[in-house]
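Take a look at the structure below.
2 protein chains.
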Amino acid sequence: MYRIGELAEKLSVSTDTLRYYEKHKLLAATSRADNGYRLYNEEALRVMQFIIRAKGVGFSLNEINGLLSIKIDKASHSCADVKSFTEQKLTQVNDKIAELQCFKGSLELLVAACCGGEEEATHCSILSALENVDAINK
Amino acid sequence: MYRIGELAEKLSVSTDTLRYYEKHKLLAATSRADNGYRLYNEEALRVMQFIIRAKGVGFSLNEINGLLSIKIDKASHSCADVKSFTEQKLTQVNDKIAELQCFKGSLELLVAACCGGEEEATHCSILSALENVDAINK
DNA sequence: TTTGACCTTGGAGTATACTCCAAGCTTTAT
DNA sequence: ATAAAGCTTGGAGTATACTCCAAGGTCAAA
Ligand SMILES: [Zn+2]
Ligand SMILES: [Zn+2]
Ligand SMILES: [Zn+2]
Ligand SMILES: [Zn+2]
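What follows is the structure in structure tokens.
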């Protein structure tokens with residue numbers, strides 16, 4: 036059994052994070068020592084690794100909560116459930132990327148239009164573009 | 036002069052948003068009517084359009100605050116200032132896109148690996164991948 | 001005059017994921 | 001014995017951008 040600090044160290048997360056996850060029903064300590072200290076077993080370690088990996092592919096803690104309920108009772112869920120869950124996330128990510136690509140395109144236009152010199156910004160094309168409706172697409 | 040509701044309507048934002056921007060020093064009402072109502076002039080309208088456009092290219096309200104201070108006193112700033120500000124934002128956006136592309140790639144692998152059938156999720160490759168360190172890169 | 005639409009304020013709530021703090025107990029080492 | 005390190009709790013703070021609410025004043029029309 037690991038104490039909270041040991042598990043945190045092993046996973047490179049903070050003890051605060053572990054307590055935060057417990058408070059938010061993602062992962063409870065396996066048990067408590069006589070002195071009240073949290074104790075975690077190997078399974079808890081694996082669950083934390085699951086959470087960390089799920090975060091690594093973009094799932095939010097809330098979504099991970101959903102994944103964990105499925106993981107806990109796999110027999111009550113189908114591959115279709117898991118796959119559509121993941122596809123939804125992918126769609127979300129794609130939407131966000133599209134939005135950022137749009138920002139990127141506009142910002143590149145702005146950067147390209149500005150001389151970047153040390154003179155006064157009174158003639159700056161970036162500011163003009165943001166001031167005038169049309170300037171940005173010119 | 037526009038009352039808050041008129042300006043909000045014209046710009047397709049909520050009156051709450053306008054009050055929020057005032058509270059956060061982005062745009063104060065031009066003046067107040069005798070009854071205490073906020074009044075906005077054409078310049079305020081243009082400033083709001085500036086804010087909206089700046090949001091449209093990805094700037095946060097905090098960053099827009101910075102842009103507005105430059106806009107208000109262009110003579111004290113250079114094109115270099117504005118350009119580097121914009122370039123920083125672009126870098127930030129690019130970083131975020133890269134992170135999301137990474138999520139996207141992983142999610143696509145996961146989706147591709149899962150059969151998506153109606154059987155029990157006990158054999159689901161998505162869950163296995165999140166459970167095992169190595170499975171995700173296989 | 002009364003109704004409805006519009007305005008005011010301060011403050012709380014939402015979502016996300018922690019991070020930090022105070023006050024205090026436990027354990028280990030010196 | 002005492003200090004340092006580690007643990008406990010509840011709760012506040014951070015960043016972002018609103019959104020909603022209550023309680024109440026204002027204004028124009030019927
Ligand atoms: Zn220039
Ligand atoms: Zn410029
Ligand atoms: Zn399957
Ligand atoms: Zn599957």
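In order, the protein sequences belong to chains A and B.
Basically our numbering = 1-based index in the first sequence + 35.
Basically our numbering = 1-based index in the second sequence + 35.
No residue lacks a Cβ here, since even glycine has one placed at the ideal position from N, Cα and C.
Everything numeric in this text was worked out from a predicted model, so none of it was measured.
Contact with chain A by residue i, beta-carbon distance below 8 angstroms
i, result
"L165 of chain B", "yes"
"G71 of chain B", "no"
"S95 of chain B", "no"
"V117 of chain B", "yes"
"A110 of chain B", "yes"
"I39 of chain B", "no"
"A156 of chain B", "yes"
"A79 of chain B", "no"
"N76 of chain B", "no"
"K139 of chain B", "yes"
"L135 of chain B", "yes"
"I107 of chain B", "no"
Neighbour-count burial assignment, residue i, 16 or more Cβ in a 10 Å radius
i, result
"L58 of chain A", "It is worth fixing the name first, because residue 58 of chain A is Lys in this sequence and not Leu. With fewer than 16 Cβ atoms within 10 Å of its Cβ, K58 of chain A is classed as exposed."
"K124 of chain B", "buried"
"I107 of chain A", "exposed"
"Y7 of chain B", "Look at the range of chain B in this structure, 36 to 173, and you will see that residue 7 of chain B is not part of it."
"I47 of chain A", "Ile is not the amino acid found at residue 47 of chain A; the sequence shown has Ser there. Classification of S47 of chain A: exposed, given that the 10 Å Cβ count is below 16."
"K118 of chain B", "buried"
"H158 of chain B", "exposed"
"T121 of chain A", "buried"
"Y73 of chain B", "The sequence as given places Arg at residue 73 of chain B; Tyr does not occur at that position. Buried: at least 16 other Cβ atoms inside 10 Å."
"G40 of chain B", "exposed"
"S113 of chain B", "buried"
"G93 of chain B", "buried"
"A110 of chain B", "exposed"
"S160 of chain B", "buried"
"A63 of chain A", "exposed"
Near ligand 4: residue i beta-carbon under 7 angstroms from a heavy atom
i, result
"K118 of chain A", "yes"
"K161 of chain B", "Per the sequence presented here, residue 161 of chain B reads as Ile, with Lys not at that position. I161 of chain B: yes, Cβ under 7 angstroms from ligand 4."
Any non-hydrogen atom of ligand 3 closer than 7 angstroms to residue i Cβ
i, result
"G91 of chain A", "no"
"H158 of chain B", "yes"
"E154 of chain B", "yes"
C-beta neighbour in chain B for residue i, strict 8 angstroms
i, result
"S66 of chain A", "no"
"E153 of chain A", "yes"
"S104 of chain A", "no"
"K45 of chain A", "no"
"N129 of chain A", "yes"
"V48 of chain A", "no"
"I98 of chain A", "In the sequence under discussion, the amino acid at residue 98 of chain A is Glu, which differs from the Ile named in the question. By this cut-off, E98 of chain A is not an interface position."
"R54 of chain A", "no"
"L145 of chain A", "yes"
Under 8 angstroms, with one C-beta from each stretch per pair, do the region 95-107 of chain B and the region 133-149 of chain B reach the 3-pair mark? no
Whether or not the region 102-121 of chain A and the region 80-93 of chain A are in contact is what I'm after, with contact meaning three or more pairs of Cβ atoms, one per stretch, closer than 8 angstroms; do they touch? yes
Beta strand (DSSP E) segments (min. 3 residues) lying fully within the region 47-119 of chain A: 73-75
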